[in-house]
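Chemist: Take this structure first; my questions come after.
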Amino acid sequence: MRLWNFAAGPATIPLAVLEQVRAELPDWHGVGCGVMEMSHRGKIYTGIYEKVVADLRQLMDIPEDYAILFLQGGATLQFSQIPMNLLDGGSADYLTTGAWSEKAVKAGQRLYGEAIHEAGSSADTSFTRLVDPAAMTLNPKAKYLHFCSNETIGGVEVFDLKQLGGAVQKDVPLIADMSSNILSRPINVRDYGMIYAGAQKNIGPAGVTLVIIRKDLLGKASKAIPALLDYAEEEKNTSMLNTPPTFGIYMAGLVFEWLLKQGGLPAIAKQNQAKAELLYKTIDGSGGFYTNPVALNCRSWMNVPFTLKDKALDPVFLEESEKAGLLALKGHKLVGGMRASIYNAMPLEGVQALVGFMNEFMRRHG
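Going by the numbering used here, the letters in the sequence shown line up with residues 66 to 431, in that order.
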């Protein structure tokens with residue numbers, strides 16, 4: 066029996082996708098073997114890969130002057146790979162709104178020192194707000210500006226680029242870490258120089274990293290880095306400079322197909338907004354029994370952290386919620402309390418089950 070899984074990542078995958086994988090695992094479409102057994106350079110897998118790319122272009126309306134890469138190493142490797150490819154002897158601005166954007170700054174500074182400039186931080190709010198545009202120190206000649214579109218740990222999300230204020234500059238490419246909110250709602254890809262995401266939240270299983278990059282940004286990599294870390298080399302070789310994570314890419318493709326069947330990103334966005342609003346309404350209506358500290362204008366639709374009025378109830382909440390079929394609600398150690406990750410694959414019924422439990426728990430322990 067499947068339970069409601071609120072893990073932050075790896076995260077729940079649509080049941081319809083898992084059932085299709087189970088059916089196709091030993092023999093994909095009658096060819097006599099599974100996708101994970103195929104040659105990545107064979108005609109059959111090439112066809113699978115081309116459809117994955119085409120479906121993603123359709124879902125996100127990705128222009129042809131953007132390359133789509135399926136890489137490895139997670140979003141964490143991108144923290145180093147981005148400046149390796151795009152710094153090009155200059156400097157870059159970074160906005161810090163939580164643990165993951167903070168890691169990106171530190172990884173870049175480890176390699177390039179002061180060339181990686183923290184242009185603004187909301188650390189003084191314990192990462193419960195976006196960076197105050199008035200406090201940003203921006204370089205109009207920066208090679209790029211990096212930010213995290215959704216902080217998985219703190220539950221802080223950028224919904225509109227206007228929230229970044231002057232950080233959005235015409236001649237400075239925007240680079241967004243969308244690991245935990247990619248495909249959750251429509252965006253204008255043309256507003257970005259590059260988007261990247263680890264797969265294990267809204268795309269599929271861990272092991273795949275998606276990079277969407279404007280092609281005019283390719284070819285700027287340091288010659289001192291390995292070819293495997295050069296976006297231009299990966300683009301020339303169709304993300305197959307080495308053996309790619311074929312099974313993960315195939316599963317990502319099934320998720321893309323599932324999203325298209327749901328009505329695409331506009332339809333999934335309505336579902337995500339409804340789920341988030343229900344959960345926040347429960348928290349805000351609890352009279353302080355549950356609390357979410359994030360500012361209203363940047364409360365994440367994907368990751369909802371909340372604390373209980375009495376910390377002594379935390380282990381009781383976790384024990385009872387698991388018995389009620391609600392998994393992985395423990396908050397990250399940096400924030401504490403609870404966290405419900407409600408990605409695309411979490412249906413409204415799962416959130417309804419969670420808020421039902423929360424209300425009953427409050428009735429008994431409030």
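Positions of the beta carbon are idealized from the N, C-alpha and C atoms, including for glycine.
Our contact map puts residue 185 next to residue 359 with C-beta atoms below 8 Å; I'd like the distance itself, whole angstroms only.
Modeler: So it is not a contact: roughly 17 Å between Cβ atoms.
Chemist: Going by the CB atoms, is the gap between residue 237 and residue 210 shorter than 9 Å?
Modeler: yes
Chemist: How far does the alpha helix (DSSP H) with residue 347 in it reach, from first residue to last?
Modeler: 329–349
Chemist: Should residue 137 and residue 274 be called a contact, given that it needs their Cβ atoms to be closer than 9 Å?
Modeler: yes
Chemist: Considering only C-alpha positions, which residue in the set 393, 258, 345 is nearest to residue 420?
Modeler: 345
Chemist: What are the uninterrupted segments assigned as beta strand (DSSP E) that are 3 or more residues long and contained completely in the segment 221–293, given in chain order?
Modeler: 239–242, 259–263, 274–279
Chemist: Between which two residues does the beta strand (DSSP E) harbouring residue 136 extend?
Modeler: 131–136
Chemist: Do residue 427 and residue 354 come within 9 Å of each other at the CB atom, strictly closer than that value?
Modeler: yes
Chemist: Between residue 226 and the rest of its own chain, which residues show a CB-CB distance below 7 Å, the 5 nearest in sequence each way excluded?
Modeler: 233, 256
Chemist: List the residues that DSSP assigns as beta-bridge partners of residue 433.
Modeler: Since the first residue of the chain shown is 66 and the last is 431, residue 433 is not available in this structure.
Chemist: Would you kindly check if the distance between the Cβ of residue 135 and the Cβ of residue 163 is under 9 Å?
Modeler: no
Chemist: With 16 other CB atoms within 10 Å as the buried threshold, where does residue 395 fall?
Modeler: buried
Chemist: Go through the segment 71–138 residue by residue and report every complete run of the beta strand (DSSP E) that reaches 3 residues or more, in order.
Modeler: 131–136
Chemist: Considering just the uninterrupted stretch of the beta strand (DSSP E) at residue 203, what are its terminal residues?
Modeler: Careful: residue 203 lies outside any beta strand (DSSP E) and carries neither H nor E.
Chemist: Under DSSP, the beta strand (DSSP E) around residue 6 begins and ends at which residues?
Modeler: This structure does not reach residue 6, given that the chain is present from 66 up to 431, and the question cannot be answered.
Chemist: What residue range is occupied by the uninterrupted beta strand (DSSP E) comprising residue 370?
Modeler: First-last of the beta strand (DSSP E) with residue 370: 368–373.
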